[in-house]
Amino acid sequence: MKPDIKICGLKTPEAVDRAVARGASHIGFIFFAKSPRYVEPDLAGDLADRVRGRVKLVAVTVDADDEELDDIVSMVRPDILQLHGNESPERVLQVKALFGLPVMKALSVKEAGDLDRIDPYIGVADRFLFDAKAPAGSELPGGNGVSFDWSLMASLDEGVDYMLSGGLNKDNAVLALKSTRASGIDLSSGVESAPGIKDLGMIDAFFDAVADAGRKSA
0 MKPDIKICGL KTPEAVDRAV ARGASHIGFI FFAKSPRYVE PDLAGDLADR VRGRVKLVAV
60 TVDADDEELD DIVSMVRPDI LQLHGNESPE RVLQVKALFG LPVMKALSVK EAGDLDRIDP
120 YIGVADRFLF DAKAPAGSEL PGGNGVSFDW SLMASLDEGV DYMLSGGLNK DNAVLALKST
180 RASGIDLSSG VESAPGIKDL GMIDAFFDAV ADAGRKSA
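Residue numbers (numbering that gives the first Met the number 0): 0 to 217.
This is the structure in structure tokens:
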């Protein structure tokens with residue numbers, strides 16, 4: 000089955016258009032003010048309208064309150080809400096009930112014990128995203144360009160649907176998919192020339208690498 004590919008942290012029409020044209024299944028907009036990938040909801044709504052119906056639109060938030068989520072949902076009209084903070088299972092259920100949207104819950108991983116945190120979210124979150132734990136000193140929960148030991152994923156129940164994130168780029172994304180049961184991958188810094196600056200050439204190089212790997216395995 001063809002994996003989902005999410006390009007996250009998009010801020011410009013050019014990057015949105017290129018990601019979708021090259022085959023992204025999901026694109027993500029970041030609504031976390033400390034991130035260099037932050038985008039205002041009204042601008043994100045305009046960007047989303049360019050490709051609505053052709054790709055899944057993901058709104059990424061970090062411990063957002065109801066008012067903030069309401070603004071994002073009304074302006075962007077996303078297909079999926081990604082909760083990338085410390086949201087509890089109860090908060091995930093509340094968000095799903097309030098906005099009627101599927102939720103992808105992000106969890107940070109560094110060691111095997113970190114995966115135990117998934118248990119109370121099973122049956123609550125619609126999908127998971129496993130990202131590397133932020134390095135010391137970083138205020139960003141994701142997009143730090145660091146990866147984790149993907150072999151840890153082998154301990155997960157086979158019924159868990161998840162995307163893999165953290166330090167993925169054209170050189171390692173295919174290996175990440177082959178070495179895990181991830182149904183998709185999420186890239187942000189791996190297609191950037193500088194934090195928050197998506198590079199169209201790097202987007203092309205990534206999708207070229209994925210296509211080349213697909214031809215070799217056919």
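Backbone N, C-alpha and C define an ideal beta-carbon position, used for all residues, glycine too. None of the values given here were measured: they were computed from a predicted structure.
Here A18 has I6, L9, I26, I202 as same chain residues with Cβ atoms under 7 Å from its own Cβ, once five neighbours each way along the sequence are excluded.
Membership of K132 in any alpha helix (DSSP H) is not indicated, and neither H nor E is assigned to it by DSSP. In the structure shown, the three-state DSSP call for R53 is coil.
By the 16-neighbour rule on beta-carbons within 10 angstroms, M0 is exposed.
Within the DSSP bridge table, the entry for D185 names K5, S164 as partners.
Taken through DSSP and simplified to helix, strand or coil, A105 comes out as strand.
Check the Cα spacing between M103 and each of G183, F205, P194: the tightest is with G183. Rounded to the nearest whole angstrom, the C-alpha separation of I121 and F147 is 22 Å. Just so you know, the alpha carbons of V59 and V173 end up roughly 24 Å apart. For L97 and D125, the gap between their C-alpha atoms comes out near 15 Å. Within the segment 25-69, complete beta strand (DSSP E) segments of at least 3 residues are found at 25-30, 55-60, given in chain order.
When rounded, the separation of the alpha-carbon atoms in R180 and V108 is 16 Å.
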